[in-house]
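J.: For reference, each letter of the sequence shown is one residue, going 104 to 492 in the working numbering. All residues carry an ideal CB built from backbone N, CA and C; glycine is no exception.
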Amino acid sequence: MSGSGAVRHLYVHLPFCAHRCGYCDFVTVVGRRDEHASYVDALLAELALERELLAEQVETVFLGGGTPTFTEPRALVRLLEALPEAEEVTVEANPETVTPELARRLVGLGVTRVSLGVQSFQRRLLSVLQRRAAPADVRRAVDALRAAGIANLSLDLLYGVPGQSEADLDADLEEAIALAPEHLSCYELEAKPGTRFAHAHGAELARQAERMEGYFERVVETLVAAGYRWYETANFCRAPALAEGRDLRARHNLGYWLGHDYLGLGVGAVSTIAGTRRRNLPSLVGYVRALAAGEPPPRALEPLDDRTRRRELLLLGLRLDEPVRLVDVGDALDRDALDRMESLGLVELLASGRGEALRLTRRGRFLGGAVTAELLAALEEPVGVRVAS
Ligand SMILES: C[S@@+](CC[C@H](N)C(=O)[O-])C[C@H]1O[C@@H](n2cnc3c(N)ncnc32)[C@H](O)[C@@H]1O
Ligand code: SF4
């Protein structure tokens, strides 16, 4: 059952992990098995407070983490039973947590898509990343998910792991392709300055930094040659010829990239609703305590004026392979920069139903953020942020 509002995308954050991987910067908490049930109580209380914002028919639900599949099973089941039904229900999973029983349970509770955090198939690199899963766990997890009926499987890979050679990258891509996922996300590893991971591997990361453009091109070339559509900077789905008529782009994330409103529940979760961005603060204790008292969680509110929204539409829309309509981004676009980027062959203008539209050329997409930064018109006024309790 959903509400009478207009929001069609729901994100739910499950922060618990068995341990912390060195490179991870997400809102996560290690262990705390005895707190999972009360956290799910808090999520359900937040859902009850916000339910009216949701549309009668929700389009996508995404359970992200943390490690949603590490959540104590009864609490996870209770959560999935209470969430609105949706056409796409995705759960993020770590390979070592996926058993045949869990996979069957997820499917039985309406999960249609699983995003599996593989990162690499090389033992040496998994150990650098401090991952718990071995390569064999990935294959076991994929088999269990397929046997349970998951027909939309995404694999996450990382490139730029300290010590990763081109041959390592090729091997990872080859192994991932051999598992025939419907979707792949390939991210360049980000090591936040000041973290222990950056400290431990900083020298190697600096040495290999200039090779990353080549790695990115290798990822794209290999996956496109294997029949995947490079539909977003870091995301690939089976191209029409292999997709049996299905659009296999991640519908939930597509909602973010296209600037749709979304509701985020949970500690640290972000929402964008009717011109306001809300960020739940990252304290687990504060989150659970507020909801147990019937209050909304502590959060920061950021009004998004129309210009900011147009800037975000341009920034995010140019990550996609489909053109962005000029009428939608208006004054966010620097027209002189557009002319310059077009003459450099980095952007192309196309006719669209309502005027013109633009997209990055293949070369422009490899330079990505640098081209988009040029295209963004200068911003005169800073946008304010205030904290609500
Ligand atoms: C927050 S994780 C949650 C999923 C799951 N717990 C896992 O570790 O696989 C979602 C994805 O973000 C990506 N990711 C996490 N930390 C990253 C980093 N520092 N740089 C780039 N990608 C990262 C990984 O590919 C990961 O699969
Ligand atoms: S399992 Fe995933 S969310 Fe948890 S610490 Fe590792 S990378 Fe982060």
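#1: Rounded to whole angstroms, what is the Cα-Cα separation between GLY433 and VAL110?
#2: Measuring straight from C-alpha to C-alpha, what distance separates ASN356 and LEU113?
#3: Exposed or buried, what is PRO296 when buried is set at 16 or more other beta-carbons lying within 10 Å of its beta-carbon?
#4: Quick check on DSSP: helix, strand or coil for SER492?
#5: Pair every Cβ in the region 360-372 with every Cβ in the region 443-450, then say whether three or more of these pairs are closer than 8 Å.
#6: Quick one: Cα of ARG207 to Cα of GLU405, how far?
#7: Should PHE300 be counted as a contact of ligand 2 given a C-beta to heavy atom distance under 7 Å?
#8: By the three-class DSSP mapping on this structure, what secondary structure does GLN222 have?
#9: For GLU175 and HIS116, which I take to be in contact (beta-carbon distance under 8 Å), what is that distance rounded to the nearest angstrom?
#10: If you draw a straight line from the C-alpha of THR170 to the C-alpha of GLU195, how long is it?
#11: Is there at least one non-hydrogen atom of ligand 2 closer than 7 Å to the beta-carbon of GLY263?
#12: GLU188 and THR163: beta carbons closer than 8 Å?
#13: Since VAL474 and LEU463 are thought to touch, with beta carbons under 8 Å apart, how far apart are those beta carbons, to the nearest angstrom?
#14: Could you tell me whether the region 309-320 touches the region 244-255, where touching means 3 or more Cβ pairs closer than 8 Å?
#15: Do the region 146-156 and the region 408-418 touch if we need at least three Cβ pairs shorter than 8 Å?
#16: Alpha carbon to alpha carbon, how far is TYR142 from VAL391? Give it in angstroms, no decimals.
#17: Consult DSSP for ILE280 and reduce its assignment to one of helix, strand or coil.
#18: Any contact of the region 221-231 with the region 260-274, i.e. 3+ C-beta pairs under 8 Å?
#19: Look at the alpha carbon of ARG299 and the alpha carbon of GLY108, and state the distance between them as a whole number of angstroms.
#20: Let me know the secondary structure DSSP gives ALA196 once reduced to three states.
#21: Please write down, chain order preserved, every residue whose beta carbon lies under 6 Å from a heavy atom of ligand 2.
#22: Mind the definition here: the region 217-226 touches the region 274-284 only if three or more C-beta pairs lie below 8 Å; say whether that holds.
#23: GLU291 to ASN338, Cα distance in whole Å?
#24: Under 8 Å, with one C-beta from each stretch per pair, do the region 392-401 and the region 334-353 reach the 3-pair mark?
#25: Hey, is LEU326 close to ligand 1, as in C-beta under 7 Å from one of its heavy atoms?
#26: Using 10 angstroms around the beta-carbon of ASP511, count the other beta-carbons present and answer buried if the total reaches 16, otherwise exposed.
#27: Would you mind working out which of LEU205, LEU366, LEU212 and ARG135 sits nearest ARG243, comparing C-alpha positions?
#28: Where do the N-terminal and C-terminal ends of the alpha helix (DSSP H) with VAL241 fall, by residue?
#29: To the nearest angstrom, how far is it from the Cα of THR215 to the Cα of ARG321?
#30: Mind checking ARG87: buried by the 16 CB within 10 Å criterion, or exposed?
#31: Taking the straight line between their C-alpha atoms, what separation do you get for VAL373 and PRO118?
#32: Hey, would you say the C-beta of TYR290 is under 7 Å away from at least one heavy atom of ligand 1?
#33: Along the beta strand (DSSP E) that carries ASP259, what are the first and last residues, could you check?
#34: Short of 6 Å in beta carbon distance, which residues of its chain neighbour LEU326, apart from the five on each side in sequence? Order them along the chain.
#35: Under 8 Å, do VAL201 and ALA247 count as touching if we go by C-beta distance?
#36: What three-state label does DSSP hand HIS112 in the structure shown?
T.: Judging by the given coordinates:
#1: C-alpha separation (whole angstroms): 24 Å.
#2: Taking the straight line joining both Cα atoms gives about 11 Å.
#3: Exposed, because fewer than 16 other Cβ atoms sit within 10 Å of the Cβ of PRO296.
#4: Low per-residue confidence applies at SER492: pLDDT is 40, beneath 50, and the placement is therefore not dependable, though the value from the model is reported in the following sentence. Three-state result, SER492: coil.
#5: Below 8 Å, too few C-beta pairs join the region 360-372 and the region 443-450 to call them touching: fewer than three.
#6: It is roughly 40 Å from the alpha-carbon of ARG207 to the alpha-carbon of GLU405.
#7: Exclusion of PHE300 from the 7 Å shell around ligand 2 follows from its C-beta lying no nearer than that to any non-hydrogen atom of the ligand.
#8: When secondary structure is reduced to three states using DSSP, GLN222 falls in the strand class.
#9: Rounded to whole angstroms, the Cβ separation of GLU175 and HIS116 is 16 Å, and the two are not in contact under 8 Å.
#10: C-alpha separation (whole angstroms): 7 Å.
#11: GLY263: no, Cβ never under 7 Å from ligand 2.
#12: Cβ atoms of GLU188 and THR163: not closer than 8 Å.
#13: At roughly 6 Å, the Cβ-Cβ gap stays under 8 Å, so VAL474 and LEU463 are in contact.
#14: Verdict: no, contact absent.
#15: Taking 8 Å as the limit for Cβ pairs, the verdict is that the region 408-418 does not touch the region 146-156.
#16: Annotation: VAL391 to TYR142 spans about 6 Å, alpha carbon to alpha carbon.
#17: For ILE280, the secondary structure class from DSSP, reduced to helix, strand or coil, is helix.
#18: Contact annotation: the region 221-231 touches the region 260-274, with at least three C-beta pairs closer than 8 Å.
#19: Straight across, the Cα-Cα distance linking ARG299 with GLY108 is about 44 Å.
#20: Of the three classes helix, strand and coil, the one that applies to ALA196 here is strand, per DSSP.
#21: This criterion selects CYS120, ARG123, CYS124, CYS127, PHE129, THR131, GLY168, GLY169, THR170, ASN197 and GLY220.
#22: Verdict: yes, contact present.
#23: Each residue's alpha carbon lies about 12 Å from the other.
#24: No, they do not touch.
#25: Annotation for LEU326 indicates a beta carbon at 7 Å or more from all heavy atoms of ligand 1.
#26: This structure cannot speak to residue 511, because the chain is shown only from 104 to 492.
#27: In this structure, LEU205 is the residue among LEU205, LEU366, LEU212 and ARG135 with its C-alpha nearest to the C-alpha of ARG243.
#28: In the DSSP annotation of this structure, the continuous segment of the alpha helix (DSSP H) that includes VAL241 starts and ends at 238-251.
#29: A straight-line Cα-Cα distance of about 30 Å links THR215 and ARG321.
#30: Residue 87 lies beyond the residue range present for the chain, which begins at 104 and ends at 492; the question has no answer from this structure.
#31: So the alpha carbons of these two residues sit roughly 14 Å apart.
#32: Result yes, Cβ under 7 Å from ligand 1.
#33: Residue range 256-262 is occupied by the beta strand (DSSP E) that includes ASP259.
#34: The answer, listed in chain order, is PHE339.
#35: Closer than 8 Å, so yes.
#36: Here HIS112 sits in strand by DSSP.
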